[in-house]
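In what follows, a structure is listed as structure tokens, so that the remarks can point back to it.
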Amino acid sequence: MSPRQIREIIASRKDVRMKATEARLLDFLKRSQQFVIPIYQRTYSWTEQQCRQLWDDIIRAGKRDDISAHFIGSVVYIEQGLYQVSGISPLLVIDGQQRLTTAMLLIEALSRHLGEDEVFDGFSAMKLRNYYLLNPYESGEKGFKLLLTETDKDSLLALIKQRPMPENYSHRIMENFTFFDEQITKLGDDLIPLCRGLAKLLIVDVALNRGQDNPQLIFESMNSTGKALSQADLVRNFILMGLEPEHQTRLYEDHWRPMEVAFGQQGYSEYFDSFMRHYLTVKTGEIPRTDEVYEAFKLHARSQSVAEKGVDRLVEDIHIYAEYYCAMALGKEIDKSLATAFQDLRELKVDVAYPFLLALYHDYKNSDLSHEDFLSIIRLIESYVFRRAVCAIPTNSLNKTFATFYKVINKEKYLESIQVHFLNLPSYRRFPNDDEFKRELKVRDLYNFRSRSYWLRRLENDKRRERVEEFTIEHIMPQNENLSAKWREELGSDWQRIHKELLHTLGNLTLTRYNSRYSDRPFAEKRDIEDGFKHSRFI
121 MSPRQIREII
131 ASRKDVRMKA
141 TEARLLDFLK
151 RSQQFVIPIY
161 QRTYSWTEQQ
171 CRQLWDDIIR
181 AGKRDDISAH
191 FIGSVVYIEQ
201 GLYQVSGISP
211 LLVIDGQQRL
221 TTAMLLIEAL
231 SRHLGEDEVF
241 DGFSAMKLRN
251 YYLLNPYESG
261 EKGFKLLLTE
271 TDKDSLLALI
281 KQRPMPENYS
291 HRIMENFTFF
301 DEQITKLGDD
311 LIPLCRGLAK
321 LLIVDVALNR
331 GQDNPQLIFE
341 SMNSTGKALS
351 QADLVRNFIL
361 MGLEPEHQTR
371 LYEDHWRPME
381 VAFGQQGYSE
391 YFDSFMRHYL
401 TVKTGEIPRT
411 DEVYEAFKLH
421 ARSQSVAEKG
431 VDRLVEDIHI
441 YAEYYCAMAL
451 GKEIDKSLAT
461 AFQDLRELKV
471 DVAYPFLLAL
481 YHDYKNSDLS
491 HEDFLSIIRL
501 IESYVFRRAV
511 CAIPTNSLNK
521 TFATFYKVIN
531 KEKYLESIQV
541 HFLNLPSYRR
551 FPNDDEFKRE
561 LKVRDLYNFR
571 SRSYWLRRLE
581 NDKRRERVEE
591 FTIEHIMPQN
601 ENLSAKWREE
611 LGSDWQRIHK
621 ELLHTLGNLT
631 LTRYNSRYSD
641 RPFAEKRDIE
651 DGFKHSRFI
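Count along the sequence shown starting at 1, add 120, and that's the number in our numbering.
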């Protein structure tokens, strides 16, 4: 968004009294004592691509006299009783964390390439650090201009203090600092364009008045046209932003932070949105669109049945189901038989079944479903999805099938009721019977199947499982359409048709550790050589 667009958003809101002014980023940082990222904000998440874009913009602005300023976005904050930056109170950042953090990583990297002499007005190692990174006359955490949340905070402080990174450090912070450091190194002694470009960076300084402005409304307005937060980030902010600080901290430390840790830095950004979508499907019986999870969550949270129980119960419930999801989707299950079954589902990519599985897992944990029956149902779901895939039945109905499945369960006859329902599914939702499955399995192109290692491992008869990751797919009859004379002789006069029809079918595929050794050899040689087919457990 441009400064004008931001001012238009502010002007359009009749329910806020905030004040917005344009400011040079470095001036803004210099006169601000400290920024604090509230616990409900997402962790630092800018990628190298975004850092590279900022870098390119800064260098371009620094090299061109016709560019007087480069706008990088807004910084929205709130301070008790004040409109603009002044005094010593920390500023709670509502929006702009990513820009502030990235700018400080760049400034820290630049400071390490400068000496005490100024290469450009105001640009020396000491001035960069004391103006924009540190509060030199303060001690402890008050001595830093920016305090992030949890792991991010410790990583940034260690970086600025030039101390070893903590054990569980923020990979994003370290990677982006390294990127800037490498780019500055490439500039050599020509640091003037970088310094000039940094001095030209412009923000919109948006100060909220506590008690009069609604941070949640402003947050949603600013992010509706800027770089979108994830749906899960919006959900977390919605839950925590309006609470008193002590309440925020308790819910975050007791529930939200443990979820972030369970998912992991990478897993949280990749999977938490999906989890929230599955969670809402379980709770509401409806499947929200991927870009409407936040709106669906607000409706759920404001519903009478949920609102009456309070926000603490809601967050606790999300935490419970997040643990189920991590067990199934992220390999955190400790029960060996269930862990193996969940691994098979992950290989088969059965994401559409997770809402149903979450509900089953809840019953399992509450002793409404036995371990044996739970395992049988998981295997039944696996069979249902795999058979349909082999029989080339369209998958677009699966999400609705599983979303409503839980409603038909008779908990007095848990497993039996699910088996009956599977068998009664009609038409395109059907559970393929043995005859249909066997017929299609013989002729289907399984080499290009979405999870071919999965089905080869699951269909082989050896009960001593081997690590399929160590194997490759081998065509018994070679893929090379220019078959050798020996192969053509063995296939007969109609060898071209046979080769085309049977090449990628089940009977011509196996797993091996020795793919390159087999090459295009005749069948007898492939069978009889050392470690050949006759020694394989997969044939």
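Heads up, the beta-carbon is just placed ideally off N, CA and C, and yes, glycines get one too.
By the criterion of at least three beta-carbon pairs nearer than 8 Å, the region 352-364 is not in contact with the region 174-182.
Beta-bridge analysis with DSSP links GLU594 to THR630. For the pair SER244 and ASP237, the Cα-to-Cα distance works out to about 6 Å. One thing to note: GLN170 has its Cβ no nearer than 8 Å to the Cβ of LEU267.
Excluding five sequence positions before and after PHE299, the CB atoms of its chain that fall closer than 6 Å to its own CB belong to GLU168, CYS171, given in chain order.
Restricting attention to LYS606, ILE179, TYR504, the CA atom closest to the CA of ASP310 is found in ILE179. Taking 8 Å as the cut-off, the Cβ atoms of LEU623 and LEU566 do not count as close. Per DSSP, the continuous alpha helix (DSSP H) segment holding LEU480 begins and ends at 474-485.
Check the Cα spacing between PHE525 and each of ASP325, PHE506, LEU477: the tightest is with LEU477. Here the alpha carbons of PHE462 and TYR444 stand approximately 11 Å from one another. ASP374 and ILE438 have their alpha carbons spaced roughly 12 Å apart.
DSSP places VAL426 in the uninterrupted alpha helix (DSSP H) bounded by 424-429.
With a beta-carbon spacing of about 6 Å, PHE148 and ILE323 fall inside the 8 Å limit used to define contacts. Assignment of GLY216 by DSSP, reduced to helix, strand and coil, places it in the coil class. The shortest C-alpha to C-alpha distance from GLN539 to any of GLY182, LEU465, TYR504, SER517 is the one to TYR504. The three-state secondary structure of SER194, taken from DSSP, is strand.
With contacts defined by Cβ atoms closer than 8 Å, ARG499 and PRO552 do not form a contacting pair. Out of VAL472, PRO475, VAL435, LYS150, the CA that lies nearest to the CA of ARG370 is found in VAL435. Burial check for ALA512: the Cβ neighbour count within 10 Å stays below 16, so the residue is exposed. DSSP assignment within the region 341-411 yields the following whole alpha helix (DSSP H) runs of 4 residues or more, N-terminal first: 351-360, 365-371, 377-404. When DSSP states are grouped into helix, strand and coil, GLU258 belongs to the coil group.
Per DSSP, reduced to three states, the secondary structure at GLU415 is helical. If you compare the alpha carbons of PRO475, SER209, LYS533, MET448 with that of SER490, the shortest gap goes to LYS533. In the assembly as shown, THR401 is a buried residue. Its beta-carbon has 16 or more other beta-carbons within 10 Å. Short of 7 Å from the beta carbon of ARG572, and not among the five residues preceding or following it, lie these beta carbons of its own chain, in chain order: LEU566, ILE593. Burial of ASP325 is indicated by the presence of at least 16 other C-beta atoms within 10 angstroms of its C-beta.
By the 16-neighbour rule on beta-carbons within 10 angstroms, GLN161 is buried.
In the DSSP assignment, ARG499 falls within the alpha helix (DSSP H) that extends over 491-510. The beta carbons of PHE522 and PRO475 sit closer together than 8 Å. Excluding the 5 residues flanking it on each side, LEU543 has same chain C-beta neighbours closer than 7 Å at PHE551, in chain order. In this structure, the alpha-carbon of LYS520 lies about 11 Å from that of PRO408. The alpha-carbon separation between TYR197 and GLU142 amounts to approximately 14 Å.
The C-beta distance from LYS273 to TYR252 rounds to 17 Å, too long to fall under 8 Å, and the pair is not in contact. Distance check between SER194 and each of SER165, ARG144, LEU234, ASP186 places ARG144 closest, using alpha-carbon atoms only.
The Cβ neighbour count for PRO158, taken over all protein chains shown within 10 Å, is at least 16; the residue is labelled buried.
With a minimum length of 4 residues, the unbroken runs of alpha helix (DSSP H) contained wholly in the region 257-295 fall at 270-280.
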